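Peer 1: With the UniProt record's numbering, letter number 114 in the sequence shown gets 114, and the count goes up by one each step, no holes. Before anything else, here's the structure in question.
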Amino acid sequence: MIAEELLNPMLPVLKPTDTIGQALDWMDEYRVNHLVLTNGLEYRGLISHDVLLDNNEELPLLALQPMFEEVFTYPHQHLLEVLPLLQQYELDVIAVLDENNGFIGTILNKDVLNTFAKSLGTSEAGAILEVEVDDRSYSLSEISRLIESNDTKVISSYYSGGSEDNDFRNILTLKLNRKDITRVVATLERFGYDVKSAFAHSPVDSPDKERYDLLMKYLDI
1 MIAEELLNPM LPVLKPTDTI GQALDWMDEY RVNHLVLTNG LEYRGLISHD
51 VLLDNNEELP LLALQPMFEE VFTYPHQHLL EVLPLLQQYE LDVIAVLDEN
101 NGFIGTILNK DVLNTFAKSL GTSEAGAILE VEVDDRSYSL SEISRLIESN
151 DTKVISSYYS GGSEDNDFRN ILTLKLNRKD ITRVVATLER FGYDVKSAFA
201 HSPVDSPDKE RYDLLMKYLD I
């Protein structure tokens, strides 16, 4: 999924002649804290809800200094390039510009998150595994092969590098197409993989489950 496929034509685009009151009304209606400001095809930046509240509602937007003039994306950029920008700058929307920096349209943060969630298979029934891996030597293809040897498929995978938030562990999160993953866990642990947690409807019987304190959760996925 690329940026041009995420454009939301329903979002209003502000003009310099719009009033602060109009902008506030649109933000309230669409439940966003930012909207794009343009002058024709020229992208001028974003207008913030907080900034608007500090000014007279009768004033035109040209009286304000836009923010994030240098924060935008191009049509060909992937969803995984767009999402970090939204998260880094804590934006509700982001502008999409063409190769000449002409304004094309707006992407809504919620749309990106929903699309990303769907790409991870979150709406599919099945279990989730978190496996601790060595980032220098782990093989996703090998892990997938071991899982598939138990008539189970990997719907999606997500790698999280070590950080202070997860005690500097490298975690591979796997969404599987089955709820009963007893044999999958047993196989992975038999081949030396450390299954840190498993989330499924059915209990997972593992010869090593005492090692992680019988951590089983049941999610209605």
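Glycine residues also receive a C-beta, built at the ideal position from the N, C-alpha and C atoms. Nothing here was measured: the structure is a model prediction, and the numbers come from that model.
#1: Classify E69 as buried or exposed, calling it buried when 16 or more other Cβ atoms lie within 10 Å of its own Cβ.
#2: Give the C-beta separation of L7 and V131 to the nearest angstrom, bearing in mind that I take them to be a contact with Cβ-Cβ under 8 Å.
#3: For the region 104 to 140, list the beta strand (DSSP E) runs that are entirely contained and at least 3 residues long, ordered along the chain.
#4: In whole angstroms, what separates the C-alpha of D135 from that of N55?
#5: Could you give the distance in angstroms between the alpha-carbon of P9 and the alpha-carbon of T106?
#6: Jot down the residue ranges of each uninterrupted beta strand (DSSP E) in the region 29 to 60, minimum 3 residues, whole runs only, in chain order.
#7: Should the region 186 to 195 be called in touch with the region 135 to 153, which here means at least 3 C-beta pairs below 8 Å?
#8: Around the Cβ of Y43, are there at least 16 other Cβ atoms within 10 angstroms (buried) or fewer (exposed)?
#9: When DSSP builds the beta bridges, which residues end up paired with L97?
#10: Do the region 60 to 69 and the region 36 to 52 touch if we need at least three Cβ pairs shorter than 8 Å?
#11: Could you tell me which residues DSSP pairs with T19 in its beta bridges?
#12: According to DSSP, simplified to helix, strand and coil, what is A3?
#13: Between E4 and T115, what straight-line distance do the alpha-carbon atoms span, to the nearest angstrom?
#14: Among all the DSSP beta bridges, which residues are the ones paired with M67?
Peer 2: Considering the structure as presented:
#1: For the purposes of this step, residue 69 is taken as the residue at position 69 of the sequence shown. Counting Cβ neighbours within 10 Å, E69 comes out exposed, since fewer than 16 surround it.
#2: In the sequence shown, the residue the question calls residue 7 occupies position 7. In the sequence shown, the residue the question calls residue 131 occupies position 131. Between V131 and L7 the Cβ distance is about 37 Å, and since that is not below 8 Å, they are no contact.
#3: Those beta strand (DSSP E) runs which fall completely within the region 104 to 140 and span 3+ residues are 128 to 132.
#4: On the sequence shown, position 135 is the one that residue 135 refers to. On the sequence shown, position 55 is the one that residue 55 refers to. One C-alpha to the other measures close to 51 Å.
#5: Taking the sequence shown and counting its residues from 1, one reaches residue 9 at position 9. Taking the sequence shown and counting its residues from 1, one reaches residue 106 at position 106. If you draw a straight line from the Cα of P9 to the Cα of T106, it is about 7 Å long.
#6: Along the length of the region 29 to 60, whole beta strand (DSSP E) runs at least 3 residues long occupy 34 to 39 and 42 to 48, reported in chain order.
#7: The region 186 to 195 vs the region 135 to 153: in contact.
#8: What you label residue 43 is simply residue 43 of the sequence shown in a count that begins at 1. Taking all protein chains in view, the Cβ of Y43 is crowded by 16 or more other Cβ atoms within 10 Å, so the residue is classified as buried.
#9: By 1-based counting over the sequence shown, the position of residue 97 is 97. As DSSP reads the structure, L97 sits in a beta bridge with F103.
#10: Segments in contact, yes.
#11: As a position in the sequence shown, residue 19 is number 19, starting the count at 1. Within the DSSP bridge table, the entry for T19 names P60 as partners.
#12: Residue 3 sits at position 3 when you count from the first residue of the sequence shown. Helix at A3.
#13: Here residue 4 corresponds to residue number 4 of the sequence shown, with the count starting at 1. Here residue 115 corresponds to residue number 115 of the sequence shown, with the count starting at 1. So the two alpha carbons sit approximately 13 Å from each other.
#14: For the purposes of this step, residue 67 is taken as residue 67 along the sequence shown, with counting starting at 1. L46.
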